[in-house]
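In the order they appear, the protein sequences are chains A and X. Number 113 in this note's numbering belongs to position 113 of the first sequence; there are no gaps in the numbering. Number 184 in this note's numbering belongs to position 184 of the second sequence; there are no gaps in the numbering. No residue lacks a Cβ here, since even glycine has one placed at the ideal position from N, Cα and C. Computed from a predicted model, the values in this text were never measured in an experiment. Taking it in order: structure first as structure tokens, then the write-up.
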Amino acid sequence: MIQLTDVSKVFRTRRGDVAALDGVTLHVGRGEFVVVRGPSGSGKTTLLLAIGGMLRPTRGLVVLDGRDIRALSEPERARWRADNIGFVFQMFHLIPYLTLLENVLLAAGGKDRRSEAEALVERFGLADRRHHKPAELSAGEKQRAAIARALLNGPKVILADEPTGNLDPQNAAGILECLAGFHEEGGTVILATHGEGADRHASRIVLLNRGRLEEAAGTERQNG
Amino acid sequence: MTTPGLILKEVLHRKLNFLLGLAGIVAATGLFVFLFTAGEASRLETTRLMQIMGLNLRVLPRGTDMDRFWAAGYSDETMPEEYVAKLASHAGLDYAHLLPTLKRRIEWRGTEIFLVGVAPEVSPVDRRQPSMSFAVEKGSIYAGHEIVRRSQLVQGSSVEVLGKTFTVARCLPESGTDQDITIFAQLRDAQALLGMEGKLNEIQALNCVCFDAKVDSLDMLREQLASVLPEAKVIQIRPVAQAREKQRQMVEDSLAVVAPFLLVVCAGWIGLLAMINVRERRTEIGVLRALGYGSGKIAALFLGKAVLGGILGALVGFGAGTAAALLCGPGVFKVTGSLMAPLYGLLGLSLVAAPVFAALCALIPAAIAATQDPAVTLREE
Numbered sequence: 001m002i003q004l005t006d007v008s009k010v011f012r013t014r015r016g017d018v019a020a021l022d023g024v025t026l027h028v029g030r031g032e033f034v035v036v037r038g039p040s041g042s043g044k045t046t047l048l049l050a051i052g053g054m055l056r057p058t059r060g061l062v063v064l065d066g067r068d069i070r071a072l073s074e075p076e077r078a079r080w081r082a083d084n085i086g087f088v089f090q091m092f093h094l095i096p097y098l099t100l101l102e103n104v105l106l107a108a109g110g111k112d113r114r115s116e117a118e119a120l121v122e123r124f125g126l127a128d129r130r131h132h133k134p135a136e137l138s139a140g141e142k143q144r145a146a147i148a149r150a151l152l153n154g155p156k157v158i159l160a161d162e163p164t165g166n167l168d169p170q171n172a173a174g175i176l177e178c179l180a181g182f183h184e185e186g187g188t189v190i191l192a193t194h195g196e197g198a199d200r201h202a203s204r205i206v207l208l209n210r211g212r213l214e215e216a217a218g219t220e221r222q223n224g
Numbered sequence: 001m002t003t004p005g006l007i008l009k010e011v012l013h014r015k016l017n018f019l020l021g022l023a024g025i026v027a028a029t030g031l032f033v034f035l036f037t038a039g040e041a042s043r044l045e046t047t048r049l050m051q052i053m054g055l056n057l058r059v060l061p062r063g064t065d066m067d068r069f070w071a072a073g074y075s076d077e078t079m080p081e082e083y084v085a086k087l088a089s090h091a092g093l094d095y096a097h098l099l100p101t102l103k104r105r106i107e108w109r110g111t112e113i114f115l116v117g118v119a120p121e122v123s124p125v126d127r128r129q130p131s132m133s134f135a136v137e138k139g140s141i142y143a144g145h146e147i148v149r150r151s152q153l154v155q156g157s158s159v160e161v162l163g164k165t166f167t168v169a170r171c172l173p174e175s176g177t178d179q180d181i182t183i184f185a186q187l188r189d190a191q192a193l194l195g196m197e198g199k200l201n202e203i204q205a206l207n208c209v210c211f212d213a214k215v216d217s218l219d220m221l222r223e224q225l226a227s228v229l230p231e232a233k234v235i236q237i238r239p240v241a242q243a244r245e246k247q248r249q250m251v252e253d254s255l256a257v258v259a260p261f262l263l264v265v266c267a268g269w270i271g272l273l274a275m276i277n278v279r280e281r282r283t284e285i286g287v288l289r290a291l292g293y294g295s296g297k298i299a300a301l302f303l304g305k306a307v308l309g310g311i312l313g314a315l316v317g318f319g320a321g322t323a324a325a326l327l328c329g330p331g332v333f334k335v336t337g338s339l340m341a342p343l344y345g346l347l348g349l350s351l352v353a354a355p356v357f358a359a360l361c362a363l364i365p366a367a368i369a370a371t372q373d374p375a376v377t378l379r380e381e
């Protein structure tokens with residue numbers, strides 16, 4: 001489903017070039033729950049953005065569902081992303097001037113998905129908070145809203161970047177349960193984290209350090 | 001969420017940014033509306049001043065000896081009276097008033113004076129305007145100041161002119177011109193006294209042909225009239241035309257200086273605020289991109305906001321500019337200021353121009369937003 005071959009990404013900064021990804025090769029099959037573990041600055045976010053078609057690698061091949069993302073135009077990638085990928089960020093990134101429900105509906109991009117949004121809000125226990133702005137929500141509620149937003153279009157893949165990084169253990173566990181629920185329903189999850197809390201949900205763990213996948217073999221396990 | 005819905009919600013959330021941008025559009029629109037509305041009052045004022053200054057076009061018989069004309073103050077030649085009607089109905093001539101006269105030097109009570117026969121003024125049918133001279137009744141005369149002083153004339157008294165008795169209908173005040181030694185009679189009376197029935201020797205006109213340094217409007221006018229009035233020639237009193245042009249030019253020059261300056265300042269201001277808005281919303285743009293929003297939708301968020309500001313700015317700016325012009329106009333243009341009225345055509349123009357202007361100002365920030373690399377923003381987060 002997702003195939004990265006020798007992918008490198010170099011960012012040009014004032015202090016010189018920074019290689020965020022360095023020759024990464026990774027295959028993620030449909031229905032996998034892959035945990036990408038690594039310290040801060042190891043390239044986890046860049047890896048997720050590359051998988052999500054949000055950046056063009058400096059070198060290498062990113063093939064999503066059999067299509068090379070370099071061959072897709074910007075609108076085609078946007079459409080593909082809207083239909084197939086759900087992003088979850090550490091900082092939640094809810095739009096401050098929209099209510100919780102409107103934030104979820106944002107993913108619909110103008111399509112009428114209100115009933116689906118209401119159902120997701122209900123499912124994540126946020127029904128009584130749906131008309132609240134993000135500033136009025138707790139961190140756990142914000143992240144559950146962000147997951148609801150990511151799930152609205154029925155994506156095949158969830159790319160979660162440190163989704164529990166700003167949460168207390170109880171809320172973090174709740175968020176991981178949500179992602180595990182999506183995985184159990186057949187969805188693919190790629191979760192980047194520097195901690196080990198998500199390991200028990202993972203079907204595979206890969207380690208990323210300084211942009212290189214240091215260890216992929218030997219960590220594969222059967223979920224559950 | 002639809003794009004207009006997102007724009008409205010963002011506007012309500014970041015009110016200050018929107019209001020500051022709106023202020024720029026209101027200022028630009030308001031000032032333009034003010035200048036145009038005041039410019040219309042200025043045009044009316046020019047017309048009024050022209051009426052005070054006098055006639056600026058003189059139509060004379062073709063055979064007039066100009067040396068004699070300037071020495072004597074009138075033409076020795078005559079032209080048919082029907083030239084007035086021909087001139088009035090000529091489509092190529094835009095005029096405000098036509099004043100047919102017959103002027104001759106006569107001997108009266110042992111001294112030389114002027115006898116001027118004046119016919120009622122002719123104005124375009126669709127533009128009736130207050131008379132800028134006087135209409136003398138049949139059997140009456142208006143006597144110039146020097147004549148009145150020397151002959152001790154009083155209003156209502158009778159006086160004999162070339163063997164016919166007239167009533168002094170008015171004693172004219174001192175003018176400092178040859179009017180002071182002039183007796184004005186009705187054109188028909190003067191023609192009868194001089195034995196020149198149906199004849200004129202001048203048609204004075206307040207014309208609307210603009211004096212333009214680049215195009216000799218007098219030549220153009222002469223060419224036009226030559227076919228209509230073959231027995232006439234036209235001279236223009238240039239200082240008066242120039243004074244009129246100068247005033248008109250002054251207003252246009254002010255606009256030519258103020259308008260570009262204003263446009264640049266307002267464009268810079270609106271563009272700067274749009275740029276600040278883009279910077280403030282970098283993460284939001286990144287998230288929208290992650291949710292599958294394309295460049296077009298992202299740009300539409302910023303351009304749509306600019307257009308919304310343009311529409312509101314046009315409405316408020318038109319109201320503010322018109323109100324300012326109507327309030328200040330009477331103070332500047334003492335007489336014609338009261339004639340000022342809202343120019344509703346400018347509202348339509350503003351509603352088109354201001355949104356387009358605002359969108360153009362926000363074009364670069366919108367393009368930056370649309371092409372912003374979401375990966376950079378989201379990595380920074």
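- The C-beta of THR377/X comes no closer than 7 Å to any C-beta of chain A.
- Annotated three-state conformation of ARG109/X is coil, per DSSP.
- By the criterion of a C-beta distance shorter than 6 Å, ILE106/X is surrounded in its chain by LEU115, once the five residues flanking it on both sides are discounted.
- One finds MET1 and LYS9 in chain X with Cβ atoms closer than 8 Å to the Cβ of GLU102/A, taken in chain order.
- Between the C-alpha atoms of ILE51/A and GLY348/X there is a straight-line separation of about 50 Å.
- Under DSSP, the beta-bridge partners assigned to PRO100/X are ILE203/X.
- Between GLY294/X and chain A, the shortest Cβ-Cβ separation is below 7 Å.
- Around the CB of ASP189/X, 16 or more other CB atoms lie within 10 Å, so the residue is classed as buried.
- In the three-state reduction of the DSSP assignment, GLN191/X falls in the helix class, which pools H, G and I.
- Among the residues facing chain A, ALA290/X is included, as its CB has a counterpart in that chain under 7 Å away.
- Annotated as distal: THR101/X and GLY313/X, with beta-carbon spacing of 7 Å or more.
- Residues of chain A with a Cβ closer than 7 Å to the Cβ of GLU284/X are, in chain order, ILE95.
- Of the residues ALA192/A, ALA173/A, ALA202/A and LEU167/A, the one whose Cα lies closest to the Cα of GLU184/A is ALA202/A.
- CA-CA distance, GLY125/A to THR99/A, rounds to 15 Å.
- In this chain, the beta strand (DSSP E) harbouring ARG170/X covers 164-171.
- In the structure shown, ARG210/A falls within a coil segment according to DSSP collapsed to helix, strand and coil.
- Residue pairing from DSSP places ALA160/A in a beta bridge opposite VAL88/A and LEU191/A.
- VAL118/X and LEU98/X do not touch by the CB rule: their CB atoms are close to 12 Å apart, not below 8 Å.
- In this structure, the straight-line span from the alpha carbon of VAL148/X to that of VAL154/X is close to 7 Å.
- Straight across, the Cα-Cα distance linking VAL228/X with GLU82/X is about 11 Å.
- Residues of the same chain with a CB within less than 6 Å of the CB of ALA267/X, apart from the 5 flanking positions on each side, are CYS361 in chain order.
- When Cβ-Cβ separations below 7 Å define contact, PRO4/X makes no contact with chain A.
- What GLU74/A touches in chain X, judged by beta-carbon distance under 9 Å, is GLY294 and SER295, going in chain order.
- Of all residues in the stretch 140-165 of chain A, none has a C-beta nearer than 7 Å to a C-beta of chain X.
- Counted as a single uninterrupted DSSP element, the beta strand (DSSP E) harbouring ALA143/X occupies residues 140-143.
- For GLY110/A, the nearest beta carbon of chain X is closer than 7 Å to its own beta carbon.
- Identification of residues in the stretch 309-343 of chain X having a C-beta nearer than 8 Å to some C-beta of chain A yields an empty set.
- Cβ proximity to chain A below 8 Å picks out ASP373, PRO374 and ALA375 from the stretch 341-375 of chain X.
- According to DSSP, residue pairing for ARG37/A in a beta bridge involves THR193/A and LEU207/A.
- Here GLY23/A really is in contact with SER8/A; their C-beta atoms are around 6 Å apart, less than 8 Å.
- In terms of beta-carbon proximity, ARG81/A lines the interface with chain X, with at least one pair separated by less than 7 Å.
- Residue burial is scored here from C-beta neighbours: MET250/X has fewer than 16 other C-beta atoms within 10 angstroms and is therefore classed as exposed.
- Secondary structure note for GLU160/X: its beta strand (DSSP E) is the uninterrupted segment 158-161.
- Among the CB atoms of chain A, none fall inside 7 Å of the CB of VAL26/X.
- With a cut-off of 8 Å on Cβ pairs, the stretch 189-202 of chain A is in contact with the stretch 28-38 of chain A, counting three or more such pairs.
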